[in-house]
Amino acid sequence: MESETKNHRMLEKALHILEYVASCPDGASLTDVCATLDIAKSSAYSLLMTFLHFGYIAKNPHNRFVIGLRAFEIGSRFVENNDFYLYSRDVLEELVRVTNETAHLAVLEGTDVVYLSKFDCSHVVRMVSSVGKRVPAHVTALGKALLSGKSDEEIQTLYHNRELERMTDNSISTVEELLRQLTQIRTSGFAYECEESTLGIRCIAVPVRNSTGEVCLGISISVPTLRVDFDLEQVKQPLLEARRRLERVL
0 MESETKNHRM LEKALHILEY VASCPDGASL TDVCATLDIA KSSAYSLLMT
50 FLHFGYIAKN PHNRFVIGLR AFEIGSRFVE NNDFYLYSRD VLEELVRVTN
100 ETAHLAVLEG TDVVYLSKFD CSHVVRMVSS VGKRVPAHVT ALGKALLSGK
150 SDEEIQTLYH NRELERMTDN SISTVEELLR QLTQIRTSGF AYECEESTLG
200 IRCIAVPVRN STGEVCLGIS ISVPTLRVDF DLEQVKQPLL EARRRLERVL
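See the structure below:
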């Protein structure tokens with residue numbers, strides 16, 4: 000039993016290391032890993048070397064640890080073996096064709112939004128984002144759309160004793176304000192964001208429900224603020240049609 004517990008803890012550390020390295024765009028040093036995850040240097044080094052040996056972690060030109068090709072190969076299996084994901088890509092592609100703006104599909108994990116899929120528009124200026132990226136839910140239209148599926152009590156529990164991180168001066172900073180916006184979203188069916196997560200970008204999103212009525216996905220359109228003549232209201236119907244197509248197969 001003691002041996003199983005020890006193995007479980009070691010596996011947990013290994014997964015935390017892999018996830019942390021994957022979250023660092025510029026790579027991570029051994030010191031970074033130890034300090035951030037509170038892992039002993041000897042354990043962290045041993046696990047990093049094992050990941051390095053099997054290709055799940057690599058080293059960049061600056062000798063920092065980055066996610067490796069083997070991890071990418073494993074992640075790619077999700078795309079290849081997931082019929083819904085492939086179908087959702089077709090839905091996003093059609094949404095971008097109709098609106099000529101960038102579209103995202105995302106899920107909620109804890110208090111973060113994780114981008115599952117993205118299709119870019121043909122405009123030179125567009126939102127910079129990446130599949131797999133995590134962003135605090137409260138600063139994105141996608142996140143608010145996803146959070147709107149929870150009750151006020153669930154939101155208060157989710158954010159209990161947690162500060163709302165501000166990514167720009169426009170980000171909301173209190174749970175009270177978040178609850179107020181979620182009430183509006185539940186009434187209108189649409190979530191909005193204007194430069195709350197990224198300066199120069201505004202978004203509109205809708206929640207997507209599964210067959211039991213639970214909000215499980217969010218789909219959005221992002222537009223640069225410099226296109227001042229673009230009215231987000233004009234993409235409402237294409238967004239609703241994209242949602243209808245997704246909900247039909249969920």
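In terms of numbering that gives the first Met the number 0, the sequence shown has 151 at position 152, counting the first letter as 1, and numbering is strictly consecutive. Every residue, glycine too, gets a C-beta built ideally from N, C-alpha and C. For clarity, every value in this text was computed on a predicted model and none was experimentally measured.
Under the three-state DSSP convention, the category residue i falls into
i: H103; result: strand
i: L68; result: helix
i: A57; result: strand
i: G142; result: helix
i: A251; result: Because residue 251 is not part of the residues shown, which for the chain are 0 to 249, the question remains open.
i: A34; result: helix
i: K40; result: helix
i: K132; result: coil
Classification of residue i by the beta-carbon crowding that lies within 10 angstroms, buried from 16 upward
i: G142; result: buried
i: I73; result: exposed
i: V124; result: Here the model assigns V124 a pLDDT of 41, short of 50, so the residue's position is not dependable, and the following value carries that caveat. Exposed, because fewer than 16 other Cβ atoms sit within 10 Å of the Cβ of V124.
i: H7; result: exposed
i: P24; result: exposed
i: K40; result: exposed
Top-ranked residue by Cα proximity to residue i, from the options
i: F83; options: T110, N209 and G148; result: N209
i: C215; options: G188, L104, V174 and E164; result: L104
i: E176; options: F50, L115, S221 and H137; result: H137
i: L146; options: V222, V207, A43 and A21; result: V207
i: A70; options: I218, F229, L51 and N62; result: L51
Cα-Cα separation, residue i to residue j
i: T4; j: L10; result: 10 angstroms
i: L46; j: T98; result: 46 angstroms
i: I203; j: L225; result: 16 angstroms
i: T167; j: Y191; result: 15 angstroms
i: F118; j: R88; result: 8 angstroms
i: F53; j: G67; result: 9 angstroms
Chain D contact for residue i (CB, 8 angstroms cutoff)
i: F189; result: The structure shown contains no chain D, having only a single protein chain.
Problem set entry | Secondary structure, beta strand (DSSP E): runs of 3+ residues fully inside the region 157-235 | 190-193, 200-208 and 214-223
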